[in-house]
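In our numbering, the protein residues as written are 77 to 275.
Where a beta carbon is used, it is the ideal one built from N, C-alpha and C, also for glycine.
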């Protein structure tokens, strides 16, 4: 990734991730500053953490009234949380509502991971490449991937040859997991472990 290809598209800013941080940045940079923005999101939909972490019992440990955007009075008025600590499906619905309410999806390229980013000192711009073959430049590069975008999979001897099912809370399957008649072990008692255990 040395020189800039001739077919490069240029943006004011590139945002990585379409969770709370990415959607918030996209909305603010477009609406408040009129910038041209491209967002790259690895998932097939908005939500970030709340798209990937769909395990049974997933919920927020912050109260709903602080776990929302405050940049729009209208948005605050047209969304009512069902409870004090919202569950994953409701948070994901909220983020989808935000994306639709402000027409943000048109600026998001889903199922796309940024694979390289290099600051070009001669032009004061970022050169960004993706796993879909995109090559773009931007004045600003904003990472909204968060600190839990990559799951911590423990190095357990024999895991690769384990014949049963195993799931990580950070990449839970889209389809329902049936635990009936199975012996289940939960490794870890962090927030996701504590939330998943009662199920």
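Residue i - DSSP class collapsed to helix/strand/coil
| i | result |
| --- | --- |
| residue 177 | helix |
| residue 265 | coil |
| residue 236 | helix |
| residue 103 | helix |
| residue 126 | helix |
| residue 85 | strand |
| residue 164 | helix |
| residue 272 | helix |
| residue 205 | strand |
| residue 170 | helix |
Residue-chain proximity (residue i, chain B), Cβ-Cβ < 7 Å
| i | result |
| --- | --- |
| residue 119 | The structure shown contains no chain B; it is built from a single protein chain. |
Residue i Cβ short of 6 Å to the ligand NAD heavy atom set
| i | result |
| --- | --- |
| residue 192 | The ligand NAD is not part of the structure shown, which contains no ligands of any sort. |
Opening and closing residue of the alpha helix (DSSP H) in which residue i lies
| i | result |
| --- | --- |
| residue 149 | 149-153 |
Counted within 10 angstroms of its Cβ, other Cβ atoms place residue i as buried (16 or more) or exposed
| i | result |
| --- | --- |
| residue 153 | exposed |
| residue 56 | The chain is shown from 77 up to 275; residue 56 falls before or after that span and cannot be answered. |
| residue 268 | buried |
| residue 174 | buried |
| residue 261 | exposed |
| residue 117 | buried |
| residue 95 | buried |
| residue 233 | exposed |
| residue 230 | exposed |
| residue 271 | buried |
Limits of the unbroken beta strand (DSSP E) element including residue i
| i | result |
| --- | --- |
| residue 248 | First-last for residue 248: undefined, no H or E at that position. |
| residue 191 | 190-196 |
| residue 213 | 211-219 |
| residue 260 | Where residue 260 is concerned, there is no enclosing beta strand (DSSP E), given that its DSSP letter is neither H nor E. |
| residue 115 | 113-116 |
Check whether the stretch 140-156 touches the stretch 112-128, taking contact to mean three or more Cβ pairs, one atom from each stretch, closer than 8 Å. no
Quick one: any contact between the stretch 90-100 and the stretch 166-180, if contact means 3 or more CB pairs under 8 Å? yes
Does the count of Cβ pairs from the stretch 126-145 and the stretch 229-249 closer than 8 Å reach three? yes
Would you call the stretch 213-223 and the stretch 84-96 touching, i.e. three or more CB-CB distances under 8 Å? yes
Is the stretch 105-113 touching the stretch 130-140 in the sense that three or more CB pairs, one from each, lie closer than 8 Å? no
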